[in-house]
Each structure stands twice: as C-alpha cells, then as structure tokens.
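Notes to accompany the following structure.
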Amino acid sequence: MRGMDHLAGATLLALITACSARTTDVDPAPPPTPEATGAMTSIEDLHLVPWPAEVAPARGTLPLATLSSIVLSDPEDPGLRELAAYTATLLADEWDVRLDVASDPVTQPIPGSVALLLWKGETRAHPEQYVLEVTPQSIMVSAPTGAGLFYGLQTLRQLLPPEVGAAAAARGIPAVEILDIPRFSYRGMHLDVGRHFFPVEFVKKYIDLLAMYKMNTFHWHLTEDQGWRIEIEKYPRLTEIGSCRKETIVEKNFDPFVGDGIPYCGFYTQEEIREVVDHALRRYVTVIPEIEMPGHSVAALAAYPELACTEGPFEVSTRWGVTQDIYCPKEETFAFLEDVLTEVIELFPGTYVHIGGDEAPKSRWEASEVAQELIRREGLADEHELQSYFIGRIERFLLSNGRRLIGWDEILEGGLAPEATVMSWRGMEGGIDAARQGHDVIMTPTSHVYFDYYQGDPEFEPLAIGGYSPLEHVYAFEPVPEALTEDEAVHVLGAQGNVWTEYMTTTDYVEYMVAPRLLALSEVVWSAKGHRDWEHFTNRLPAHFQRLDGLGVRYRIPNVAGLEEDALTLDDEITVTLKSLMSDGRIHYTTDGTDPNPTAPRYTGSIRLPVNETGVTVTARLFLPNGRAGAPRSATFRKTTLRAATTLDEPVETGLRYAYYEYDGRVRSVEQLADMRPVSEGVAADVEIQGFAREENFGLVFNGYVFVPVDGIYTFFLSSDDGSRLLIGDEMVVDHDGLHGTSEKSGMIGLAAGYHPITVQFFQTGGGQSLHLGFAHAGATGAGVVARLFHLP
Numbered sequence: 194m195r196g197m198d199h200l201a202g203a204t205l206l207a208l209i210t211a212c213s214a215r216t217t218d219v220d221p222a223p224p225p226t227p228e229a230t231g232a233m234t235s236i237e238d239l240h241l242v243p244w245p246a247e248v249a250p251a252r253g254t255l256p257l258a259t260l261s262s263i264v265l266s267d268p269e270d271p272g273l274r275e276l277a278a279y280t281a282t283l284l285a286d287e288w289d290v291r292l293d294v295a296s297d298p299v300t301q302p303i304p305g306s307v308a309l310l311l312w313k314g315e316t317r318a319h320p321e322q323y324v325l326e327v328t329p330q331s332i333m334v335s336a337p338t339g340a341g342l343f344y345g346l347q348t349l350r351q352l353l354p355p356e357v358g359a360a361a362a363a364r365g366i367p368a369v370e371i372l373d374i375p376r377f378s379y380r381g382m383h384l385d386v387g388r389h390f391f392p393v394e395f396v397k398k399y400i401d402l403l404a405m406y407k408m409n410t411f412h413w414h415l416t417e418d419q420g421w422r423i424e425i426e427k428y429p430r431l432t433e434i435g436s437c438r439k440e441t442i443v444e445k446n447f448d449p450f451v452g453d454g455i456p457y458c459g460f461y462t463q464e465e466i467r468e469v470v471d472h473a474l475r476r477y478v479t480v481i482p483e484i485e486m487p488g489h490s491v492a493a494l495a496a497y498p499e500l501a502c503t504e505g506p507f508e509v510s511t512r513w514g515v516t517q518d519i520y521c522p523k524e525e526t527f528a529f530l531e532d533v534l535t536e537v538i539e540l541f542p543g544t545y546v547h548i549g550g551d552e553a554p555k556s557r558w559e560a561s562e563v564a565q566e567l568i569r570r571e572g573l574a575d576e577h578e579l580q581s582y583f584i585g586r587i588e589r590f591l592l593s594n595g596r597r598l599i600g601w602d603e604i605l606e607g608g609l610a611p612e613a614t615v616m617s618w619r620g621m622e623g624g625i626d627a628a629r630q631g632h633d634v635i636m637t638p639t640s641h642v643y644f645d646y647y648q649g650d651p652e653f654e655p656l657a658i659g660g661y662s663p664l665e666h667v668y669a670f671e672p673v674p675e676a677l678t679e680d681e682a683v684h685v686l687g688a689q690g691n692v693w694t695e696y697m698t699t700t701d702y703v704e705y706m707v708a709p710r711l712l713a714l715s716e717v718v719w720s721a722k723g724h725r726d727w728e729h730f731t732n733r734l735p736a737h738f739q740r741l742d743g744l745g746v747r748y749r750i751p752n753v754a755g756l757e758e759d760a761l762t763l764d765d766e767i768t769v770t771l772k773s774l775m776s777d778g779r780i781h782y783t784t785d786g787t788d789p790n791p792t793a794p795r796y797t798g799s800i801r802l803p804v805n806e807t808g809v810t811v812t813a814r815l816f817l818p819n820g821r822a823g824a825p826r827s828a829t830f831r832k833t834t835l836r837a838a839t840t841l842d843e844p845v846e847t848g849l850r851y852a853y854y855e856y857d858g859r860v861r862s863v864e865q866l867a868d869m870r871p872v873s874e875g876v877a878a879d880v881e882i883q884g885f886a887r888e889e890n891f892g893l894v895f896n897g898y899v900f901v902p903v904d905g906i907y908t909f910f911l912s913s914d915d916g917s918r919l920l921i922g923d924e925m926v927v928d929h930d931g932l933h934g935t936s937e938k939s940g941m942i943g944l945a946a947g948y949h950p951i952t953v954q955f956f957q958t959g960g961g962q963s964l965h966l967g968f969a970h971a972g973a974t975g976a977g978v979v980a981r982l983f984h985l986p
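Each residue of the sequence shown is one higher than the last, beginning at 194 in the numbering used here.
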C-alpha cells in the first residue's frame, strides 16, 4: 500500500474488521459488562500523535492498577514473547506496574490483562495496521504482524497517564476503540554523524524516539568529508586516519578560516553497529546506512589517496561545504567501494543502501585522463553521464548482493540507474521526474523537512546552517505533489526529515532541533491527509511535552504565535494578539526591545499600542511551570506612507530584463555580482532560474517594474537557494542574502497604485538551486489583488 491516502471511515472499519474476523481465531472482545459505566471518553482528551485513522470513544475507564497480566495468542511465538517483554518493561519502568506474562494461549482478552493477538493467515492486510481496544476490564491489541502490534502499543503508551511512577497507577486509561493504518510505507528520519559524532547510547535513544512516533526508518549518514565513522576491517586506515580531523571551523568563519585547534575523532566499531541495528530491529525500525560516493569522500581520500584523480595529499576536512576532490572512476576505486559495501551489507540486513551521489563537482574528472578515457571508452556524453555510469556500476553490485540503491536526487543527472530509488531534497522536482520515470521516490525537500534549519528568529536561536522551517511549516508539508497522476503518485513511498549536524555539537542540540518537528512529520507520513488539522495537532502537543520531559528529551518549546514577521501599517495604532501552544504556560512581553523575564508584563489579552515611523518592537516569551522557557520572539511594527508610483512615458512590455553571470571561486553575497560582466542578457516572464543556467556558480539580476493596481501595504515573498535580495526603487524590501538552502523570507512596503522600479538579485554556489518571487496585498495571500511585472522595451 505504498502512497496510500485517506480511506473513508466506513471503508477502513470494514477493512480492518473483516481482516480480524476472517483471518484469526481471535473472537471479538466481549460486550461491556455492567461495570462499564462512567463518562464517555472525549476525543478532546485523547492526545494521540500521529492521529489514528479511526477513533471510536467508549464509556468508562480502565484503572491501570487493575492490570495483572499479559496474555498472548501464541505464547510459543518468539516475536510475541519479545513484544510481551517490551510491554512489561515499559509499564514497569514508566508506570511502576508489574505484569506477568501468561503461558496459556488466548483468543480474546481476559479481565485485568493486556492481550497481544496476531491475526492468523492474513495476507492482504497492511503489515503495519492494528486494532486497539480498551474497555473498563482489559486491553486488546491485535494486528497481522508484530510491527502492527508494536505500533498499537505505541498508541496505548500515549493513552496511559503522562505522569510516570507509581502515582500514575491509580489513573484510568480511557475506554476507546482505535482502528489504524499508515498512509505511507516509508516514514524516515536521518542523522548525520560525519560532521559531529554521537555515542551509541544516544543513537539508540534517537531510534526509540522515532519508534515512539511510528517512524520506521533510520537513515544513518556514516561517511563525510569531515569524518569516516564506520569500521571497515579490510581498510583500517579509514578509521585510523579518516575518523579524525585536526580541528573544526569555529561557527561560520570561512573566509578567513578560523579553526578551534582541537582534534575531533570518533567512529563506530562493527560490534557497535550491530548493537544499534539489533536495537532498531526490536523497535521495527530499519537502519539504512549511507556511504557517500563519488563526492563527500575526502576523509576516505585522506586515508587512501590513490583513490583520487590527483596525487594529493589530502586531509580530513575541517570546514563544511562542497569540495572539489572526489573519488576517481578507476578500477581500484570500484574494487575499494565494492569491498566496503560488502562489509556494510553484512552489518545492515535491510533492503536499501544509500550511496549519496550529491554535490559531486566534476572539475577533477574534467582534468583527469583516467576519467576522460573512461568517457571515450564507454561512449559517454560528458562527466554527468560518467557519474551515471559510476552509480550504475555500484547499483549492479548492490543488486547482485540482494540490495537496492538509494541516492540523493543528483543521481538523476546523466541518467538514472535502472532500479534506483531517489531521495528528492532540492525541492520536489527531482522526485516528480523520478516518479514519472517509474522510480520510487522519498520526498525530503529542504523547503519543509530539513531539521538543521532555524525554527525561529536566528537572533534568539542556537547557531544553525540557515533557512527557516518552523513547526507549522513541517506540518503543512504534503509529500505527494499535485503534478503527479494517480499512477505516478504510487511511487512516492513517503517522506523523511533530515538532520545535518554541522552546527549541532551536542546531543541536546540534536533533540532541540528534532522535537517537536518530528511529531509534526510523523502525522504527515502516518495519518490520512484529510485528518490533518493544525489546531487539533497543537492542542495535543502539551501532553507530549510532558512525556518527553519524563524521557529526558530536550525538545524545543514552540514560539509564541503572533510575532512571525515585522509589519507595516498606515494607522496610528496597532493591535497585537499573541497565542501559546502550551495551555499551562504564561506569556510575558516587553515593548522596549528587551528580552522578557517572568517579571515583565503578562499577556492577558490583545495589546493596543501607538506606532510611528520609528516603530515599536514587541518581544514575547513563554514560561512553563517546570521552569523552562521558550525562545523569545519579536516583531517590529512601523507606521509607513505609500511610496509614490513612477510615471512612465512609453508603453511597457510583460516580463523583467535579466543579466546572467557565471563565475569561478566562491561567492557569498549578491553584492559580488556588481564586479562581474554578464554572460548574457534577455527578458524573463517571471523571477525564476532560467533554463539555460549552468549547474553551479552563476548569478541573475532582474530589473523592471512591478505594477500594483490599488494603494496598500504589499508583502513580497522571496524564496531562494542560495542568496537573494529584493529592492523596490532604492529600498531594501527583502534581504535573503548569503549561503543557505531553499528557504523563504518576506518583507512589506507601502505602495501607491501604479508602476514601481524593482530589482531582484540572486546567486547560486554549490548544492541545490531555486528562486521564486511571490506577492500578497495587505499581508494576505489570495486577496484578489495581483501584482504584475513589466519592463521598458
């Protein structure tokens, strides 16, 4: 059921009921006895994430203290016995409830029991679906597989009191029947340990967190320019040399480079790898290893320089980014990689091996006689087809060993390997292309699911790589693009959140960046599309923060809502309305530019403030009863006037004029384009990357006029990868300059009806590429007022 979308309630109920009745000796649970009295369970009291397919509240509660045993449909089944042990440990460790595992088989729950029941003989049911029924007397979890039972237990876990310890045992579990099935078969989270290394115990804790929210795949990024993290017995220098860098760049001091002078080392032994894989399997999580090739391989070249196209020497990278040195496509390299992958395959039993394939500059291949001879011998068109040949050879090796290849969307360039699966990260376009070619796709675009992006104002956040992907942005993500037909959409296996750790130096910071965005993504990939509701989701979050507190997870407290952007007004006063996602929190605010503390004014209702051209800055912060506080959030509100329109003496034509630039070296700002001469010029219908632009190192500057039909405040949304700026006349409206992935910034300006000069500057250096400009009137999209772009002939 890849790419399965919402099923109507009646259809799903019929499906699961029919499956359980048809395929098992398990009888339906007995009807409620006279003791099943009390209040009806309220949907509002169920704080489940991800939200199940069908929830049927029932009457009464089951006191946790009345549970005495775990019963199984087949006590001889080793998988069931392990799930019973997991259940017993969970209840004992978190709620101090001690249950014995019964030795006699059952076909239905008995009073005071937790029943784990497998459907027998079912071949058509989804392997991860389950039924969970809580009555005032017992609990039943039934499913066609152990995976389904495990996910049913995760839902049961969320029904149990959020408090931990013996005091919670007297609390009641609400009576309810839940019928559940995932939307997508691939529900993944990634962790980069190449840039910063994390110990085995944390990796296991990370996997536990994924499993708790029904994520079934852990993508482990094990090799990088900055460190090789997996022991390969045949090539010991990979860890002797490749696992250590002499120092690490300090923050973002690239030019001039500033390092910390502290050696940084770490790798996992094969025994530790097995320990993690076994831990994941017990939680129904598949581990996908990533061994980068042909790029991001400097750590390996430092250990074995003969694998490069140049003589070296090489050292493990101490700074982040894309390097020119990559594996050389010679036979020694392929033999090396096949040896490495042979050991990797022995360690990881899953179907997939990820080979990276991203950000592999071709300059070394262009200058290499070995690479050029291979291009001539194989009849390849260029270095892009050479990369396709490289990936194709690796795929044939993996297929011959019973594995399948996954790569980032750059593996599309030059032709996609026949059975490869594509992870689309540079937007959704690569995934769309792959699905149309009949290839499976995992959607993981920078625009929504890069968890190394900022979650709030960088002024108040720990250092991150850039971009902006707040909780609500993740929750709004839709993995299946509208551009795909129904048949093509079947190839979208699911989605994944990516955690790149250039600036995540500690385990606490990883958790801060992952939670609660992981919870939002879990609902995107598990729950039916039609069941997603932002307000419902945020109402459920506080209970999960209490659970995460108990598990020692350092989650990020969501920002106070209402201060997302600076704003302009034509009035003398503004009204600021704030909201917290945490019902038990207190909002304190200031209007003098200082950070709020618990003695600052407390927010109790909308704030009415005078405003002038200088502006007023409102800063708000959430404080919780447990002493924790969220990050501050601020916005500045200014009074403005309308910018006068420009009088044009001649007719205009549709579109903007553009100048296109190409450069070598590293550009970090659009300001550097001013010193260059354009390669070509022309007219573009819209602000976007032109189809003729090369893959890397280019810039665009658009000039012309924007026409607005009515007076008012206009918001401009500028999305790009890398840097961009928008000017109206000589006024900077959006400054989104610098190196970053795909992200969006906005700015406001008051415009009188008519024509206004507009300039958009953009540069692209390494990695993905994207550019888009959007408009809105009075700060709201869809207002019916459309701005249009023109130029003089």
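Each residue gets a CB set at the ideal place from its N, CA and C atoms; glycine is no exception.
Note that the structure is predicted; figures quoted are calculated from it, not measured.
Within 10 angstroms of its Cβ, does Asn752 collect 16 or more other Cβ (buried), or is it exposed?
Taking the first residue of the sequence shown as 1, we reach residue 752 at position 559. By the 10 Å Cβ count, Asn752 comes out buried.
According to the neighbour-count rule (16 or more other Cβ atoms, all chains shown, within 10 Å of its Cβ), is Asp453 buried or exposed?
On the sequence shown, residue 453 is found 260 positions in, with the first residue counted as 1. Per the 10 Å Cβ criterion, exposed.
Tell me whether Asp857 sits in a helix, a strand or coil according to DSSP, three-state version.
The count along the sequence shown starts at 1 and reaches residue 857 at position 664. In the three-state DSSP reduction, Asp857 falls in the coil class, being neither helix nor strand.
In three-state DSSP terms, what is Glu606?
In the sequence shown, residue 606 corresponds to position 413, counting from 1. Glu606 falls in the coil class under three-state DSSP.
Return yes when the Cβ of Arg619 is within less than 9 Å of the Cβ of Asp602, no when it is not.
Here residue 602 refers to the residue found at position 409 when the sequence shown is read from its first residue. Here residue 619 refers to the residue found at position 426 when the sequence shown is read from its first residue. For the pair Asp602 and Arg619, the CB atoms are nearer than the 9 Å cut-off.
Looking at C-alpha atoms only, which residue of Leu494, Gly961, Arg317 is the closest neighbour of Cys437?
One-based indexing of the sequence shown puts residue 437 at position 244. Taking only the C-alpha atoms, the option nearest Cys437 is Leu494.
On the DSSP bridge list, what partners appear for Glu326?
The count along the sequence shown starts at 1 and reaches residue 326 at position 133. Assignment of beta-bridge partners to Glu326 by DSSP yields Met333, Glu370.
Going by alpha carbons, who is nearest to Pro803 out of Arg586, Ala682, Ile767, Arg779?
On the sequence shown, residue 803 is found 610 positions in, with the first residue counted as 1. Cα-wise, what sits closest to Pro803 is Ile767.
For Leu500 and Leu579, I'd like the C-alpha separation in whole angstroms.
Within the sequence shown, residue 500 is the residue found at index 307, counting from 1. Within the sequence shown, residue 579 is the residue found at index 386, counting from 1. One C-alpha to the other measures close to 16 Å.
Might you give, ordered along the chain, the residues of its own chain that have their beta carbon closer than 6 Å to the beta carbon of Ile800, omitting 5 neighbours on each side?
Reading the sequence shown from its first residue, position 607 is the one you call residue 800. Cβ neighbours of Ile800 beyond the five flanking positions: Val769.
Along the chain, where does the alpha helix (DSSP H) containing Thr535 start, and where does it finish?
In the sequence shown, residue 535 corresponds to position 342, counting from 1. Its alpha helix (DSSP H) spans residues 524 to 540.
Tell me whether Cys521 is buried or exposed, calling it buried when 16 or more other Cβ atoms sit within 10 Å of its Cβ.
Residue mapping note: residue 521 aligns to position 328 of the sequence shown, counting from 1. Buried, since its Cβ has 16 or more Cβ neighbours within 10 Å.
Taking its Cβ as the centre, do 16 or more other Cβ atoms sit within 10 Å of Lys313, making it buried, or is it exposed?
On the sequence shown, residue 313 is found 120 positions in, with the first residue counted as 1. Using a 10 angstroms sphere on the CB of Lys313, the tally of other CB atoms stays under 16, which defines it as exposed.
By the 10 Å Cβ neighbour count, where 16 or more other Cβ atoms means buried, how is Thr282 classified, buried or exposed?
If you number the sequence shown from 1, residue 282 lands on position 89. Burial call: exposed.
Tell me whether Asp448 sits in a helix, a strand or coil according to DSSP, three-state version.
Taking the first residue of the sequence shown as position 1, residue 448 is located at position 255. In this structure, Asp448 counts as coil in the three-state DSSP scheme.
Give the secondary structure of Glu483 by DSSP, where H, G and I count as helix, E and B as strand, and everything else as coil.
As a first step, residue 483 must be located in the sequence shown, where it is residue number 290. Here Glu483 sits in strand by DSSP.
In whole angstroms, give me the CA-to-CA distance for Tyr545 and Glu531.
Along the sequence shown, one-based indexing puts residue 545 at 352. Along the sequence shown, one-based indexing puts residue 531 at 338. Rounded to whole angstroms, the gap between the alpha carbons of Tyr545 and Glu531 is 15 Å.
Arg364 and Leu257 - do their beta-carbons sit closer together than 9 Å?
Taking the sequence shown and counting its residues from 1, the one referred to as residue 257 is at position 64. Taking the sequence shown and counting its residues from 1, the one referred to as residue 364 is at position 171. At a Cβ-Cβ threshold of 9 Å, Leu257 and Arg364 count as neighbours.
For His737, does the three-state DSSP call read helix, strand or coil?
For the purposes of this step, residue 737 is taken as residue 544 along the sequence shown, with counting starting at 1. For His737, the three-state secondary structure derived from DSSP is helix.
Does the beta-carbon distance from Pro337 to Glu315 come in below 9 Å?
Residue mapping note: residue 337 aligns to position 144 of the sequence shown, counting from 1. Residue mapping note: residue 315 aligns to position 122 of the sequence shown, counting from 1. Contact: yes.
Could you give the residue range of the alpha helix (DSSP H) that holds Gln580?
Residue 580 sits at position 387 when you count from the first residue of the sequence shown. Boundaries of the alpha helix (DSSP H) harbouring Gln580: 576 to 593, taken from the DSSP string.
Any beta strand (DSSP E) of 3 or more consecutive residues that is wholly inside the stretch 386 to 456:
Complete beta strand (DSSP E) runs here, min 3: 410 to 414, 442 to 447, 450 to 452.
Beta-carbon contacts of Pro655 that lie in its chain and below 8 Å, excluding the five residues immediately before and after
Locating residue 655 in the sequence shown gives position 462, where the first residue counts as 1. Within the same chain, Tyr696, Tyr702, Tyr705 come within 8 Å of Pro655 by CB-CB distance, once the 5 residues on both sides are set aside.
Would you mind giving the Cβ-Cβ distance between Pro355 and Arg747, rounded to the nearest angstrom? I have them listed as a contact below 8 Å.
Along the sequence shown, one-based indexing puts residue 355 at 162. Along the sequence shown, one-based indexing puts residue 747 at 554. With a beta-carbon spacing of about 17 Å, Pro355 and Arg747 fall beyond the 8 Å limit used to define contacts.
DSSP state of Pro223 mapped onto helix, strand, coil:
Locating residue 223 in the sequence shown gives position 30, where the first residue counts as 1. Residue confidence is low: Pro223 scores 41 on pLDDT, short of 50, so the model does not pin down where it sits. Its coordinate-derived value is still stated next. In this structure, Pro223 counts as coil in the three-state DSSP scheme.
In angstroms with no decimal places, state the Cα-to-Cα distance between Ile989 and Glu855.
Here the chain has residues from 194 to 986 only, and residue 989 is not among them.
Which residues share a DSSP beta bridge with Asp293?
Residue numbering aside, residue 293 sits at position 100 when the sequence shown is read from its first letter. Ser262.
Taking a contact to mean a Cβ-Cβ separation below 9 Å, would you say Val242 touches Ser715 in this structure?
Reading the sequence shown from its first residue, position 49 is the one you call residue 242. Reading the sequence shown from its first residue, position 522 is the one you call residue 715. Yes, they are a contact pair.
Which residue or residues does DSSP assign as beta-bridge partners of Gly659?
As a first step, residue 659 is located in the sequence shown; it is residue number 466 there, counting from the start. Beta-bridge pairing links Gly659 to Tyr646.
Applying the criterion that 16 or more other CB atoms from any shown protein chain within 10 Å of the CB defines a buried residue, is Ala973 buried or exposed?
Counted from its first residue, the sequence shown places residue 973 at position 780. Confidence at Ala973 is low in this model, with a pLDDT of 47, below 50, so the placement of that residue is unreliable and no value is reported for it.
Proximal residues to Val692 (C-beta, below 8 Å), its chain only, five neighbours per side dropped:
Here residue 692 is taken as the residue at index 499 of the sequence shown, counted from 1. Excluding residues up to 5 positions away in sequence, Met382, His383, Leu384, Asp385, Phe644, Asp645, Val703, Met706, Val707 lie with their Cβ nearer than 8 Å to the Cβ of Val692 in the same chain.
Terminal residues of the continuous alpha helix (DSSP H) containing Gly808?
One-based indexing of the sequence shown puts residue 808 at position 615. No alpha helix (DSSP H) contains Gly808, which DSSP labels as neither H nor E.
Taking the alpha-carbon positions, what's the Lys523 to Trp558 distance?
Reading the sequence shown from its first residue, position 330 is the one you call residue 523. Reading the sequence shown from its first residue, position 365 is the one you call residue 558. So the two alpha carbons sit approximately 11 Å from each other.
Taking 8 Å as the cut-off, does the stretch 397 to 406 touch the stretch 287 to 298 (at least 3 CB pairs, one atom from each stretch)?
Judged by Cβ distances under 8 Å, the stretch 287 to 298 makes no contact with the stretch 397 to 406, as fewer than three pairs qualify.
Could you check what DSSP says for Leu966 in three-state terms: helix, strand or coil?
As a working mapping, residue 966 is identified with position 773 in the sequence shown. Correct three-state label for Leu966: strand.
Sorted by chain position, which residues of the same chain lie with C-beta nearer than 6 Å to Thr210's C-beta, five sequence neighbours on each side aside?
Position 17 of the sequence shown, counted from the first residue, corresponds to residue 210. Low confidence applies to Thr210: its pLDDT is 47, below 50, so where it sits in the model is not reliable enough to give any reading.
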